[in-house]
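Just below is one structure, and these are the notes that go with it.
Residue numbers (the UniProt record's numbering): 1 to 251.
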């Protein structure tokens, strides 16, 4: 499993065209697209240099605060398209699909948006310009092996020594590098990841006992305490709120 796939598969992505005022994603340019802007904090800052045309504005939803990728990114990413033929091709397809408004366009926009976001994540990793956080760990080829293992097998009974083996490092060196790059200890990151997945499963209606077994909690009570401490809600409250949200008809 590569550095991004196991993680991205856990979070649904939606890309919905909208007014600029509501957007957190935009393609700007004069006649042709010059720059892609993604406001990972949820907002765009289109200043004077961006007064030239907004060719596409959209709202990207991708797991919100539960997605550790977003927490690891700067508040805004700008990608120059003028010397990036591959990214430009995807953007051109996105613009054409929006303009044509054919049947199935919503699905196509989602897929193309996902391609753009994957490429943006790759660029952030390759450039090594991330803040301390998940992408900082994924940028290190040694740490990334341990992080991917946690993402891919969250229910395994991981210990620091086993994660250090995945990384090919001594326990002390692994723990030191992990905390420096990611900002937390390996087991703290694993705990947060398990709780993120547990919340998703609870929102879908899975039984707490089954979720506890899935993510290495000793009992349903232990998971319930951890969920309540992390999110300020019991599993029952989380499940009820999610069910109510699903029951609200889309506008």
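Yeah, the Cβ is synthetic: ideal placement off N, Cα and C, and Gly gets one too.
In this structure, 80 is the residue among 80, 145 and 117 with its C-alpha nearest to the C-alpha of residue 32.
Each residue's CA atom was taken as its position, placing residue 145 and residue 156 some 15 Å apart. Around residue 43, the same chain offers 24 as residues with beta carbons nearer than 8 Å, after the five sequence neighbours per side are excluded.
By the neighbour-count criterion, in which 16 or more other beta carbons inside 10 Å mark a residue as buried, residue 168 falls on the exposed side.
Secondary structure at residue 11: coil, using DSSP grouped into helix, strand and coil. Below 8 Å, too few C-beta pairs join the stretch 201-221 and the stretch 171-188 to call them touching: fewer than three. For residue 190, the closest C-alpha among the options 68, 26 and 55 is that of 68. Straight-line measurement puts the Cα of residue 56 at about 14 Å from the Cα of residue 110. DSSP places residue 36 in the strand class (E or B) of the three-state scheme. In this structure, the straight-line span from the alpha carbon of residue 153 to that of residue 163 is close to 12 Å. Judged by DSSP in its simplified three-state form, residue 242 adopts helix.
For residue 15 against residue 58, the beta-carbon gap comes to about 5 Å, under 8 Å, which counts as contact. For the beta strand (DSSP E) assignment, the uninterrupted runs of no fewer than 3 residues enclosed by the stretch 42-85 are, from N- to C-terminal side, 54-61 and 77-80. If you look at residue 26, you'll find it isn't in any alpha helix (DSSP H); it sits in the beta strand (DSSP E) that goes 25-29. In the three-state DSSP reduction, residue 17 falls in the strand class (E or B). Rounded to the nearest whole angstrom, the C-alpha separation of residue 197 and residue 210 is 13 Å. Judged by DSSP in its simplified three-state form, residue 173 adopts helix. Spatial neighbours of residue 61 in its own chain (CB-CB distance under 6 Å, excluding positions within 5 residues in sequence) are listed in chain order as 14.
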